[in-house]
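Student: Residues in the sequence shown are numbered from 289 upward in steps of one, following the working numbering. Every residue, glycine too, gets a C-beta built ideally from N, C-alpha and C. Structure incoming, see below.
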Amino acid sequence: MNFGVSSMVAPLRRAAMRRAGRATFEADPELWHYTRRLDATRLAHQYDLFAHHIEQAGTKIEWIPTEDDGLADSIFVFDPSFMTPHGAIVLRPSKSLRVPEVAIHETLYDRLDIPVIGTIEEPGTVEGGDLVWLDETTLLSGHGFRTNQAGIDQLRDILGPLGIQIHVFDLPMWRGSAACLHLLSLMSPLDQDLALIYPPLIPVALHQILRERGIECLEADKKEFMASGGLNVNVLALGPRKCLTLAGFQQTLRTMKEAGCKVTCFMADALCLPCEGGPTCLTLPLWRG
């Protein structure tokens, strides 16, 4: 099979991505909760360089067509669906403006002949940023403004019969319901035994599980966390200790390099920082292994 994911750090073989269109370039920052109006030229240039890094890692990109559909957030493809070893789960974003993106992902899986093994239905909400593979039979889930209990219950109904257990952790309020705080805003796995975390906000029970599993926890720099809106923790593992991260956060970069990670940085002051989305959010893993 050329699909299936049960790890956050196995080599990224295949991923879906979507370039920005007019909806993103012209997005009303107040409506979409961006920090400012976007610089379309710089954003497009930075996205192309980001995609080049993905391709250079040996990942096959499956492009989702860009259309004039009004979906400004649709470049952040990680949230509306989620890949498992058995096929995809179509999720249901909590941000109402993003709900129409679900149909785009259903079309993607139909085109690629990837089975959909379940769908999150109203009143459930689940976003991909709250889901983290700990191992092939253990999934971690955040419970907060973006993923609710009804959605988690539906996930359990889908994954339980497949032998996959879900551990749930309550997320902090941080900047409130309008902000984008996912479980992956607080941790990024870098290898089977290594993760980058932000200790002031990470759930105690999650930290205990990581320690019990023998996973070393690197601490992201606090000043850089606040300056980046949490995006210094948003690191995409292209393979074990092979990472892609935002440029400009030197202390966090140094921490990862000192732990033996090979880290590639990309400029994202126009692409990621205004929109609360990092490299993990911009890619939808279809196949890792």
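Where does Arg576 fall in DSSP's three states?
Tutor: In the sequence shown, residue 576 corresponds to position 288, counting from 1. In the structure shown, Arg576 sits in a strand (DSSP, three-state: E or B).
Student: Could you give the first and the last residue of the continuous beta strand (DSSP E) run that contains Glu409?
Tutor: Translated into the one-based positions of the sequence shown, residue 409 becomes position 121. For Glu409, no beta strand (DSSP E) run applies, since DSSP gives it neither H nor E.
Student: Going along the chain, which unbroken runs of the alpha helix (DSSP H) with 4 or more residues stay wholly within the stretch 384-439?
Tutor: If only uninterrupted alpha helix (DSSP H) runs of at least 4 residues are considered, those enclosed by the stretch 384-439 are 389-400.
Student: Quick test of your reading: Gly439 and Thr413, contact by CB under 8 Å. State the CB separation rounded to the nearest angstrom.
Tutor: Position 151 of the sequence shown, counting from 1, holds the residue named residue 439. Position 125 of the sequence shown, counting from 1, holds the residue named residue 413. Indeed, because the Cβ distance is near 5 Å, the residues count as touching under 8 Å.
Student: Looking only at its chain, what residues have a beta carbon closer than 6 Å to the beta carbon of Gln442, apart from the 5 residues adjacent to it on each side?
Tutor: Mapped onto the sequence shown, residue 442 falls at position 154. For Gln442, where only same-chain residues beyond five positions count, the Cβ hits under 6 Å are Ile408, Gly412.
Student: Please work out which residues of its chain come closer than 7 Å, Cβ to Cβ, to Arg324, disregarding the five sequence neighbours upstream and downstream, and give them in chain order.
Tutor: The residue labelled residue 324 in the question sits at position 36 within the sequence shown. Within the same chain, Arg324 has close Cβ partners Pro317, Pro562.
Student: Give a yes or no on whether the C-beta atoms belonging to Leu300 and Arg529 are separated by under 8 Å.
Tutor: Reading the sequence shown from its first residue, position 12 is the one you call residue 300. Reading the sequence shown from its first residue, position 241 is the one you call residue 529. Not a contact, by the Cβ cut-off of 8 Å.
Student: At what residue ranges does the stretch 475-532 contain a whole run of the beta strand (DSSP E), taking only runs of 3 or more?
Tutor: Listed in chain order, the beta strand (DSSP E) elements of length 3 or more contained wholly in the stretch 475-532 are 475-479, 482-485, 504-507, 524-527.
Student: What is the DSSP secondary structure of Ala547, reduced to helix, strand or coil?
Tutor: Within the sequence shown, numbered from 1, the residue matching residue 547 stands at position 259. Three-state DSSP puts Ala547 in coil, outside helix and strand.
Student: For Leu506, does the count of other Cβ atoms within 10 angstroms reach 16, so buried, or fall short, so exposed?
Tutor: Within the sequence shown, numbered from 1, the residue matching residue 506 stands at position 218. Buried, by the Cβ-count rule.
Student: When the Cα of Ala303 is compared with those of His431, Ala311, Phe291, which residue comes out closest?
Tutor: One-based indexing of the sequence shown puts residue 303 at position 15. Measuring C-alpha to C-alpha distances from Ala303 to each of His431, Ala311, Phe291 identifies Phe291 as the nearest.
Student: Please check the pair His526 and Leu534, which I expect to be a contact at CB under 8 Å, by giving their CB distance rounded to whole angstroms.
Tutor: Residue mapping note: residue 526 aligns to position 238 of the sequence shown, counting from 1. Residue mapping note: residue 534 aligns to position 246 of the sequence shown, counting from 1. Note that residue 526 is Leu in the sequence shown, not His. The pair is not a contact, with the Cβ atoms about 15 Å apart (cut-off 8 Å).
Student: Would you say the stretch 329-342 touches the stretch 375-390, given that touching needs at least three Cβ pairs under 8 Å?
Tutor: no
Student: Is Ala332 helix, strand or coil when you go by DSSP?
Tutor: If you number the sequence shown from 1, residue 332 lands on position 44. Three-state DSSP puts Ala332 in a helix.
Student: In chain order, what residues of the same chain have a beta carbon less than 8 Å from the beta carbon of Glu504, not counting five sequence neighbours either side?
Tutor: For the purposes of this step, residue 504 is taken as residue 216 along the sequence shown, with counting starting at 1. Around Glu504: Asp481, Leu482, Ala483, Ala547.
Student: Relative to the C-alpha of Met555, which residue among Ala315, Gln334, Met305 is closest?
Tutor: By 1-based counting over the sequence shown, the position of residue 555 is 267. The residue with the shortest Cα to Cα distance from Met555 is Gln334.
Student: Which of helix, strand or coil does DSSP assign to Ala556?
Tutor: Numbered from 1 along the sequence shown, position 268 holds the residue referred to as residue 556. Three-state result, Ala556: coil.
Student: Could you give the DSSP three-state label for Asp458: helix, strand or coil?
Tutor: Against the sequence shown, residue 458 aligns to sequence position 170. Asp458 falls in the strand class under three-state DSSP.
Student: I'd like to confirm the pairing. Which residues does DSSP put opposite Trp351 in its beta bridges?
Tutor: Position 63 of the sequence shown, counted from the first residue, corresponds to residue 351. Beta-bridge pairing links Trp351 to Met305.
Student: So if DSSP puts Gly451 in a beta bridge, which residue, or which two residues, is it bridged to?
Tutor: Stepping through the sequence shown from its first residue, residue 451 is reached at position 163. According to DSSP, which records beta bridges pairwise, Gly451 is partnered with nothing at all.
Student: For a quick check, are the C-beta atoms of Ala558 and Leu359 less than 8 Å apart?
Tutor: Here residue 558 refers to the residue found at position 270 of the sequence shown. Here residue 359 refers to the residue found at position 71 of the sequence shown. Against a cut-off of 8 Å, the Cβ pair of Leu359 and Ala558 comes out as no contact.
Student: Report all residues from its chain with a CB closer than 7 Å to the CB of Gln539; omit the five preceding and five following residues, and keep chain order.
Tutor: Translated into the one-based positions of the sequence shown, residue 539 becomes position 251. These residues qualify, in order along the chain: Asp509, Glu512.
Student: How big is the Cα-Cα spacing for Lys545 and Val551?
Tutor: On the sequence shown, residue 545 is found 257 positions in, with the first residue counted as 1. On the sequence shown, residue 551 is found 263 positions in, with the first residue counted as 1. Distance between the alpha carbons of Lys545 and Val551 is about 7 Å.
Student: So, using beta-carbon positions, are Cys569 and Asp367 closer together than 8 Å?
Tutor: For this step, residue 569 is matched to residue 281 along the sequence shown. For this step, residue 367 is matched to residue 79 along the sequence shown. Judged by beta-carbon spacing, Asp367 lies within the 8 Å limit of Cys569, meaning their Cβ atoms are closer than that value.
Student: Are the Cβ atoms of Leu472 and Asn522 separated by less than 8 Å?
Tutor: Reading the sequence shown from its first residue, position 184 is the one you call residue 472. Reading the sequence shown from its first residue, position 234 is the one you call residue 522. Yes, they are a contact pair.
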